[in-house]
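Chemist: Sequence positions in the sequence shown follow my numbering and run 1370 to 1693.
Let me begin by handing over the structure; questions about it come next.
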Amino acid sequence: MSNNILIIAEGRAEGLKKVSYELVNMAQTLAAALGGAVEGAVVGSNVGAWAETLAKTGVTKVYVADDKGLEHFAPESYTTALAAVINAAQPAIVLFGATGWGKEVSARVAARLDWGLATDCTAAQIENGALVLTRPVYAGKAIAHVQAKSFPVMVSMRPNLVPPAEADKSAAPLQTVAVTLAAPRAQVVEAMVKEKSKVDLGEANVVISGGRGVKGPEGFAPLNELADTLNAAIGASRAAVDAGWIDYSHQIGQTGKTVAPKLYIAAGISGAIQHLAGMSSSKVIVAINKDPDAPIFKIADYGIVADLFDVIPALNAALKAQAN
Ligand SMILES: Cc1cc2nc3c(=O)[nH]c(=O)nc-3n(C[C@H](O)[C@H](O)[C@H](O)COP(=O)(O)OP(=O)(O)OC[C@H]3O[C@@H](n4cnc5c(N)ncnc54)[C@H](O)[C@@H]3O)c2cc1C
């Protein structure tokens, strides 16, 4: 085992996800404290371009497992490929993004390799040679500081914690890792993209969420307009999703997505603990609610006690006026 940090990059058809670049930055800090290097890994099918981009972010090497059998996401195959990459790299720490993909594969890979795994962390640092992680627990009601007993160890880190590394350095070497994939027991025969949001909810700098207070599907229209102005993603409470006003892919919370944007605007959301679980680590929280006693105001940095149908269009008009 080395003192190196290996970051597992994640991509989609449009390229590497922002979290991959953020992991490089986080890993640089850890590597400096641990006296190791930062290496990257990409797995998938036809991922040469991702590997070349990652190689320019300041990492010292990129491991590449490129196999036709990884064209569609199959957890078993990806577990095998990632385990092969990690075995080739022999790092002290592996960093995944705490995205849907990262959470699924990191758990499987940790089990396969019999390593410890700390999930959904919001900070990681080296203290007296040991890795100490910060994890929100009990739906964000408490913060746990977890010390890894030994190395090697795996960690998944929430997106949006640090700025992304730039891919503007000289290219590091690529190392091909051969993988032998067994036929997966479950096979993806077709992937259908249900709805293509303009901004990825998990990586957005600004999220505007609507709850039961938006009163219907059409109530999201002013939120969408403000989202266009702020280049924001749209989130929702479970009440809005359960009512059928917006697709589940927008749900924030315990049974939805976890986001940590720079700015989270909650409109017509009461602030139930299950909702807070998905957004309480946002940097700045703005709550718009008619009820001054709504629990959301307890965690909001800015609270606006008013009707969202007055506030959102006024905010949008003011921002547009400022931009012109
Ligand atoms: C196991 C479990 C898991 C759950 N998982 C999730 C989850 O992942 N995500 C989630 O969100 N919830 C989740 N819930 C549900 C959660 O408990 C709440 O019921 C839900 O978050 C409430 O949504 P809401 O705030 O939109 O609705 P409400 O609680 O009904 O709040 C609506 C708010 O809108 C305000 N309002 C109304 N009209 C206006 C207006 N015109 N202008 C401004 N404000 C207005 C009201 O004052 C009120 O505060 C879960 C529950 C359980 C039991």
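Cβ coordinates follow ideal geometry from the N, Cα and C atoms, glycine included.
(1) How would you call G1509, buried or exposed, if buried means at least 16 neighbouring beta carbons within 10 angstroms?
(2) Return helix, strand or coil for H1514, following the three-state DSSP convention.
(3) DSSP on A1608, reduced to helix/strand/coil?
(4) Measuring CB to CB, does A1601 end up less than 9 Å from I1634?
(5) Do Q1691 and A1534 have their CB atoms nearer than 9 Å?
(6) Kindly list the residues whose CB is nearer than 6 Å to the CB of K1425, restricted to its own chain and excluding five residues on each side of it in sequence; keep chain order.
(7) Can you name, in chain order, every residue of its own chain whose Cβ lies under 8 Å from the Cβ of I1603, other than the five neighbours on each side?
(8) Please classify S1475 as buried or exposed, where buried requires at least 16 other C-beta atoms within 10 Å of its C-beta.
(9) CA-CA distance, P1586 and A1612?
(10) Leaving out the 5 sequence neighbours to the left and right, which residues in its chain are closer than 6 Å to A1712 when beta-carbon positions are compared?
(11) Would you call the CB atoms of N1456 and G1405 closer than 9 Å?
(12) From the DSSP secondary-structure annotation, give me the bridge partner or partners of M1648.
(13) Buried or exposed: S1650, going by 16 or more other Cβ atoms within 10 Å of its Cβ?
(14) Put I1615 into one of helix, strand or coil per three-state DSSP.
(15) What's the C-alpha gap between S1353 and K1689?
(16) Confirm, please, whether the CB-CB distance from P1630 to N1529 is below 9 Å.
(17) How long is the line joining the alpha carbons of S1525 and V1655, rounded to whole angstroms?
Modeler: Once the coordinates are examined:
(1) buried
(2) strand
(3) helix
(4) yes
(5) no
(6) A1536, K1538 and A1540
(7) S1566, L1570, V1576, I1577, S1578, G1579, F1589, L1592, N1593, A1596, I1615 and H1619
(8) buried
(9) 9 Å
(10) No answer is possible for residue 1712: it lies beyond the span of the chain, which begins at 1370 and ends at 1693.
(11) no
(12) Beta-bridge pairing links M1648 to no other residue.
(13) buried
(14) coil
(15) In the structure as shown, the chain begins at 1370 and stops at 1693. Residue 1353 is therefore absent and cannot be evaluated.
(16) yes
(17) 27 Å
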